[in-house]
Every structure is written in C-alpha cells, then in structure tokens.
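Engineer: Provided herewith is a single structure, encoded as structure tokens, for subsequent inquiry.
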C-alpha cells in the first residue's frame, strides 16, 4: 500500500482543515485531467467544498455517530410503519452535495 503524501494524524480528528488544499496530488490530478477553463471554474468550488468537509461535516460527524438512525417498525396502533428517523445533523451539508 502506498503511503499518502501527507500525514493525516497531524490534524486533530480531521477538523479545521481544507481537504482540497491539503491534497496536492488530488489538485494535480484534477488539473491534469480537465481543460484549463474547466479547472479554473471547478477550483473555487473544490476549495469551498474542501473547507466544508474539514469544518461543517467534520464537526457533525461525532454527533451523527452518537445518534444512529432509529427504525420505527410500527405506529402506535400496531400498524406496519417502517420509518427511519435521523438526527437533524444528518442533513447538515447536503446543500453542498451535487446529488442532494
């Protein structure tokens, strides 16, 4: 297995970092793969998304881990329901994802 070009352990629980700026090999690969005008358009968005991952999403990860989804199989009348209830923080950051 290839060792990553940087040591993630230097960063406290993955918080307070910009994952785009932290990963020069990813930047190089994206720059190599896409035409200059597309890279220029995407770089600002990838920088923003890298910050969101290192801040907002990382901060919510522990709360989400502590509040697993809960399956409610039946309603109060005993009828089949099969609903899944999520902690509200499961939805934080969805506005940044292209498919949400």
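Residue numbers (the numbering used here): -19 to 80.
Don't be surprised by glycine CBs; every beta carbon is placed ideally from N, CA and C.
Can you give the Cα-Cα distance for residue 63 and residue 51, rounded to whole angstroms?
Structural biologist: When rounded, the distance between both Cα atoms is 6 Å.
Engineer: In whole angstroms, what separates the C-alpha of residue 37 from that of residue 72?
Structural biologist: When rounded, the distance between both Cα atoms is 7 Å.
Engineer: One question on the structure: do residue 27 and residue -7 come within less than 8 Å of each other, judged by their Cβ atoms?
Structural biologist: Against a cut-off of 8 Å, the Cβ pair of residue -7 and residue 27 comes out as no contact.
Engineer: Figure out for me which residue from 70, 53 and 3 has the closest Cα to the Cα of residue 45.
Structural biologist: Closest option to residue 45, Cα to Cα, is 70.
Engineer: Pick out whichever of 33, 41 and 56 has its Cα sitting closest to the Cα of residue -1.
Structural biologist: Nearest of 33, 41 and 56 to residue -1, Cα basis: 33.
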